[in-house]
Amino acid sequence: MFIAAKNQIRNFQKLVNDFLFGEGHFERLGVFRFLLCGVMFYIACWRQLNVDQYGPNSLIPASQAFDVFSEFYKPYLKLFFWPDTLASTVHWIYIGLLGLATVGLSNRVLMILTWVIAQGFIQRNFSVLFGADVIGTLFLFFLSFTRCNEYFSLRGFFRKKKVVYNPNSWADQLSTVFFRLLQLQLFTIYAYTGFEKLKGQTWWDGTALWTVLVNPQFTSFDLLFLKNFPTFFAIGTFVTIIFEVYFWVMVSIKRTRFLWLCLGVLFHLMIGVLLGLMSFSLVMVSTYVLFSYRANLRQFMEKALPVRLQKLISL
Numbered sequence: 075m076f077i078a079a080k081n082q083i084r085n086f087q088k089l090v091n092d093f094l095f096g097e098g099h100f101e102r103l104g105v106f107r108f109l110l111c112g113v114m115f116y117i118a119c120w121r122q123l124n125v126d127q128y129g130p131n132s133l134i135p136a137s138q139a140f141d142v143f144s145e146f147y148k149p150y151l152k153l154f155f156w157p158d159t160l161a162s163t164v165h166w167i168y169i170g171l172l173g174l175a176t177v178g179l180s181n182r183v184l185m186i187l188t189w190v191i192a193q194g195f196i197q198r199n200f201s202v203l204f205g206a207d208v209i210g211t212l213f214l215f216f217l218s219f220t221r222c223n224e225y226f227s228l229r230g231f232f233r234k235k236k237v238v239y240n241p242n243s244w245a246d247q248l249s250t251v252f253f254r255l256l257q258l259q260l261f262t263i264y265a266y267t268g269f270e271k272l273k274g275q276t277w278w279d280g281t282a283l284w285t286v287l288v289n290p291q292f293t294s295f296d297l298l299f300l301k302n303f304p305t306f307f308a309i310g311t312f313v314t315i316i317f318e319v320y321f322w323v324m325v326s327i328k329r330t331r332f333l334w335l336c337l338g339v340l341f342h343l344m345i346g347v348l349l350g351l352m353s354f355s356l357v358m359v360s361t362y363v364l365f366s367y368r369a370n371l372r373q374f375m376e377k378a379l380p381v382r383l384q385k386l387i388s389l
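In structure tokens, the structure reads:
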């Protein structure tokens with residue numbers, strides 16, 4: 075009996091070890107880095123047109139920047155270390171760092187600096203930001219500790235030897251741990267938003283989507299004609315809750331993973347088109363790469379990319 079229990083403990087330890095340190099996940103991390111940083115680069119370029127909102131002429135002085143936050147969410151550290159007069163310059167540096175990260179020419183130190191600047195701009199004027207900024211910056215933090223620049227990167231053109239995952243390297247171990255934390259973070263986001271929705275009465279009576287999609291302050295189109303199809307809103311409301319609450323379960327099961335990810339893509343594309351939140355939708359959908367199968371992803375990229383760009387994905 076003691077030997078059987080000991081073997082079970084060893085098997086459990088092996089499962090945990092394989093889960094955390096089984097492989098480098100370079101393919102998934104590389105494509106996710108390209109998608110996430112690409113969207114954040116796009117957002118930052120558009121924000122540069124209104125960078126005065128973070129400068130000396132901002133509606134919110136730097137001394138009162140934290141007053142926008144509630145007490146529960148108020149930051150402990152002030153990360154906007156630059157004076158307001160240099161806001162535009164620092165933002166251009168931020169755009170450059172995101173550009174380097176997008177094409178894979180960044181590193182862990184530079185990506186941490188990128189995250190600090192991104193978080194600093196969030197703190198400086200939280201009132202003018204959207205979910206894409208907050209969620210994207212959160213994922214960027216986890217991504218900064220991974221070896222996400224090894225695949226789908228311009229480094230492939232200059233690399234002379236293949237990159238091999240070393241399970242005995244602390245840097246590679248750290249990368250795999252934060253890869254799992256990225257997945258767990260997405261699970262937490264969906265579960266939290268799903269359970270929060272259950273606190274609202276409209277999510278129980280099936281009218282939540284109606285109150286959003288017919289509100290001209292939220293939607294980009296006139297959808298009042300859907301008032302003749304109340305069943306549509308009821309089904310959509312309950313499907314939304316089920317999708318978010320059970321996302322972590324269904325994606326963890328191999329048989330239902332593809333179905334749930336496809337449902338998620340459709341779900342976020344509808345949000346992006348109907349509510350004008352395409353940047354947020356692209357950030358969320360980009361995380362689905364983290365749940366793809368390594369062989370399938372690599373095979374798809376090899377077929378999708380021209381021969382001249384094959385070095386981008388060579389390991």
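Per the numbering used here, the sequence shown starts with residue 75, numbered consecutively. All C-beta atoms, glycine included, are put in the ideal place defined by N, C-alpha and C.
Handout entry: Meets three-Cβ-pair contact criterion under 8 Å: the region 304-311 and the region 282-289
Key = yes
Practice task
Have a look at 255, 221, 278 and flag the residue whose alpha-carbon is nearest the alpha-carbon of residue 239.
Solution key: Reading the sequence shown from its first residue, position 165 is the one you call residue 239. When each option's Cα is compared against that of residue 239, the closest is 221.
Practice task
Please work out which residues of its chain come closer than 7 Å, Cβ to Cβ, to residue 293, disregarding the five sequence neighbours upstream and downstream, and give them in chain order.
Solution key: Against the sequence shown, residue 293 aligns to sequence position 219. Closer than 7 Å at Cβ, skipping near neighbours: 287, 348, 349.
Practice task
Could you check the C-alpha separation between residue 202 and residue 341 for me, to the nearest Å?
Solution key: Counted from its first residue, the sequence shown places residue 202 at position 128. Counted from its first residue, the sequence shown places residue 341 at position 267. Computed Cα separation, rounded: 25 Å.
Practice task
Give a yes or no on contact between the region 93-109 and the region 240-250, applying the rule of three or more CB pairs nearer than 8 Å.
Solution key: yes
Practice task
For residue 351, I'd like the list of residues in its chain whose CB is within less than 6 Å of its CB, leaving aside the five on either flank, ordered along the chain.
Solution key: Within the sequence shown, the letter at position 277 stands for residue 351. Around residue 351: 345.
Practice task
Mind checking which residues open and close the alpha helix (DSSP H) that includes residue 370?
Solution key: Mapped onto the sequence shown, residue 370 falls at position 296. Looking at the DSSP string, the run of the alpha helix (DSSP H) that includes residue 370 is 368-378.
Exercise for the section: Would you check if the region 193-210 and the region 127-135 touch, i.e. whether three or more CB-CB distances between them fall below 8 Å? Expected result: yes
Problem - Enclosing alpha helix (DSSP H) for residue 328 [first to last residue] - result: Residue numbering aside, residue 328 sits at position 254 when the sequence shown is read from its first letter. Note, residue 328: alpha helix (DSSP H), 328-349.
Handout entry: C-alpha gap between residue 189 and residue 339, whole angstroms
Key = In the sequence shown, residue 189 corresponds to position 115, counting from 1. In the sequence shown, residue 339 corresponds to position 265, counting from 1. Distance between the alpha carbons of residue 189 and residue 339: 26 Å.
Handout entry: N-terminal and C-terminal residue of the alpha helix (DSSP H) that residue 219 is part of
Key = Here the question's residue 219 lines up with position 145 in the sequence shown. No alpha helix (DSSP H) contains residue 219, which DSSP labels as neither H nor E.
Practice task
Flag this pair as yes or no: are the beta carbons of residue 175 and residue 111 separated by less than 7 Å?
Solution key: Along the sequence shown, one-based indexing puts residue 175 at 101. Along the sequence shown, one-based indexing puts residue 111 at 37. Result yes, Cβ atoms of residue 175 and residue 111 sit closer than 7 Å.
Handout entry: Simplified DSSP state of residue 290, which is helix, strand or coil
Key = If you number the sequence shown from 1, residue 290 lands on position 216. Coil at residue 290, not helix or strand.
Problem - CB of residue 231 within 7 Å of CB of residue 108, strictly - result: Along the sequence shown, read from residue 1 onward, the residue named residue 231 stands at position 157. Along the sequence shown, read from residue 1 onward, the residue named residue 108 stands at position 34. It is not a contact, given that the beta carbons lie outside the stated cut-off.
Practice task
Please state if the CB of residue 100 and the CB of residue 450 are separated by a distance shorter than 7 Å.
Solution key: For residue 450 there is no data in the structure shown, the boundaries of the chain being 75 and 389.
Problem - Residue from 150, 149, 248, 381 whose Cα sits closest to the Cα of residue 91 - result: Along the sequence shown, read from residue 1 onward, the residue named residue 91 stands at position 17. Here the closest residue by C-alpha is 248.
Practice task
Assuming residue 321 contacts residue 256 (C-beta within less than 8 Å), just tell me the rounded distance between them.
Solution key: Position 247 of the sequence shown, counted from the start, is the residue given in the question as residue 321. Position 182 of the sequence shown, counted from the start, is the residue given in the question as residue 256. Not a contact, Cβ separation roughly 14 Å.
Practice task
Check the C-beta distance from residue 194 over to residue 155 and give it rounded, since I have them as a contact under 8 Å.
Solution key: Here residue 194 corresponds to residue number 120 of the sequence shown, with the count starting at 1. Here residue 155 corresponds to residue number 81 of the sequence shown, with the count starting at 1. With 8 Å as the limit, residue 194 and residue 155 qualify as a contact, their Cβ atoms being about 7 Å apart.
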